[in-house]
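The next block holds one structure in the form of structure tokens; read it before the comments.
Protein chains: 2
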Amino acid sequence: MKRNSRLSLALHTLSHMAGDPDRLRTSADIADHAGTNPVVVRRVLGRLREAGLLSSEKGHSGGWKLAKPPNEITLADVYLALGENLIASAEGDDDISDCSIEHALHRRVSGVMREVEQSLISRLGETTIAEVRGA
Amino acid sequence: MKRNSRLSLALHTLSHMAGDPDRLRTSADIADHAGTNPVVVRRVLGRLREAGLLSSEKGHSGGWKLAKPPNEITLADVYLALGENLIASAEGDDDISDCSIEHALHRRVSGVMREVEQSLISRLGETTIAEVRGA
DNA sequence: GACGAATGCAACTGCTATTGTTACGTAAGC
DNA sequence: GCTTACGTAACAATAGCAGTTGCATTCGTC
Numbered sequence: 000m001k002r003n004s005r006l007s008l009a010l011h012t013l014s015h016m017a018g019d020p021d022r023l024r025t026s027a028d029i030a031d032h033a034g035t036n037p038v039v040v041r042r043v044l045g046r047l048r049e050a051g052l053l054s055s056e057k058g059h060s061g062g063w064k065l066a067k068p069p070n071e072i073t074l075a076d077v078y079l080a081l082g083e084n085l086i087a088s089a090e091g092d093d094d095i096s097d098c099s100i101e102h103a104l105h106r107r108v109s110g111v112m113r114e115v116e117q118s119l120i121s122r123l124g125e126t127t128i129a130e131v132r133g134a
Numbered sequence: 000m001k002r003n004s005r006l007s008l009a010l011h012t013l014s015h016m017a018g019d020p021d022r023l024r025t026s027a028d029i030a031d032h033a034g035t036n037p038v039v040v041r042r043v044l045g046r047l048r049e050a051g052l053l054s055s056e057k058g059h060s061g062g063w064k065l066a067k068p069p070n071e072i073t074l075a076d077v078y079l080a081l082g083e084n085l086i087a088s089a090e091g092d093d094d095i096s097d098c099s100i101e102h103a104l105h106r107r108v109s110g111v112m113r114e115v116e117q118s119l120i121s122r123l124g125e126t127t128i129a130e131v132r133g134a
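These protein sequence lines are chains A and B, in that order. In this text, residue positions in the first sequence follow numbering that gives the first Met the number 0: the first is 0, and each later residue adds one. In this text, residue positions in the second sequence follow numbering that gives the first Met the number 0: the first is 0, and each later residue adds one.
Structure (structure tokens):
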């Protein structure tokens, strides 16, 4: 694994789950399949649980499974659940400069960024994890 | 400055230059205005010179100025000159896995990413650095 | 009730990318 | 020749992320 693997790991795992929604999978199994670590899996999948996409159960014969039917989970849901702007804000956060040009630029660029991010989310929303398998 | 400041620095500097295209500015002046370091400025502006957007002159009374009229330089030109994908590739580079679902996912997601990146470039191409000043 | 299996979570270690900094070479003008 | 400025290499400092270990907690089974 390398960079920005959170989204990759999440989508990969959910897509597999879509093929057998009732099966419980342990983070160890998932980590093994994804070539990573159980703790990493729990970290990422925990975000998806908070967003209501997954449910997890502790204890013996515990594990993870989908909290919703696979055709009701879109790629956008996963993207948003992870809360990671792929569209980097592209501007040093809150640089309160007194430069008017800086402000004009920031308005212009961040406007475009918001547009593009919405476009990304919209496009991702067109595909459910159930559809990915057959794609 | 913080993160992803290259694009920010480049756009900011070019926008200022657009207001007085013939004036030579030293990297020290630019760095001072942008709150960073002359070497950083030269690093970033060097990419823009390679792309033909800026010219630099050494020696006494040297410095930087626009290589083209400001209304012929779009935000997309700057973005492309820096060669940094704001749209992170979102998939661990070349993970040659034998998992068919992984492949299907990768095709789908990277297809959307390419679309969105094109859309970003297209939108940035609609604005020149000359227009930013009045925006 | 004890044991084993699983998540939940905190802390720590690398690894990588980026920025900032220093230093030195080179070219242009005075 | 001296000053000024770019060009570049090398290094330190920082931040984010994946990976790892350890331990508490919870649930099922014996």
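Ideal Cβ placement from N, Cα and C applies to all residues, glycine included. Predicted, not measured: the structure shown is a model, and the values here were computed from it.
- DSSP links threonine 73 of chain B through a beta bridge to B:Thr127.
- For leucine 10 of chain B, the neighbours in chain A by C-beta distance under 8 Å run, in chain order, Leu104, Val108.
- Apart from sequence neighbours up to five positions away, the residues of its chain that approach valine 40 of chain A with a beta-carbon distance below 6 Å are Ser26, Ile29, Ala30, ordered along the chain.
- Judged by DSSP in its simplified three-state form, serine 14 of chain B adopts helix.
- By the Cβ criterion, the region 4-19 of chain B is not in contact with the region 121-132 of chain A, since fewer than three pairs of Cβ atoms, one from each stretch, lie closer than 8 Å.
- Around the beta carbon of histidine 59 of chain B, fewer than 16 other beta carbons sit within 10 angstroms, so the residue counts as exposed.
- In this structure, DSSP gives arginine 24 of chain B an extended state, which the three-state scheme calls strand.
- Residue-level contact check: isoleucine 100 of chain A touches chain B, since one or more beta carbons of chain B fall below 7 Å from its beta carbon.
- In this structure alanine 50 of chain A does not touch leucine 123 of chain A by the C-beta definition: roughly 14 Å separates them, more than the 8 Å allowed.
- Burial is judged here by how many other beta carbons sit within 10 angstroms of a residue's own beta carbon; serine 99 of chain A has fewer than 16 and is exposed.
- Contact residues of the region 68-86 of chain B toward chain A are Leu74, Leu85, Ile86 (C-beta to C-beta distance below 8 Å).
- Contact note: serine 118 of chain A reaches chain B through Val115, Ser118, using a C-beta cutoff of 7 Å and chain order.
- Its chain contains Ser26, Ala27, Ala30 as the residues whose beta carbon lies nearer than 6 Å to that of proline 37 of chain B, once the 5 sequence neighbours on both sides are disregarded; these appear in chain order.
- Considering only B:Asp19, B:Leu81, B:Leu104, B:Ser55, the residue with the shortest C-alpha distance to isoleucine 120 of chain B is B:Leu81.
- At a Cβ-Cβ threshold of 7 Å, valine 43 of chain A and leucine 13 of chain A do not count as neighbours.
- Residue state for serine 54 of chain B is assigned as strand, using DSSP reduced to three classes.
- Note on geometry: alpha-carbon atoms of arginine 107 of chain A and arginine 46 of chain B lie some 23 Å from one another.
- Secondary structure at leucine 85 of chain A: coil, using DSSP grouped into helix, strand and coil.
- Within the region 14-25 of chain B, those residues whose Cβ lies closer than 7 Å to any Cβ of chain A are, in chain order, Ser14, His15.
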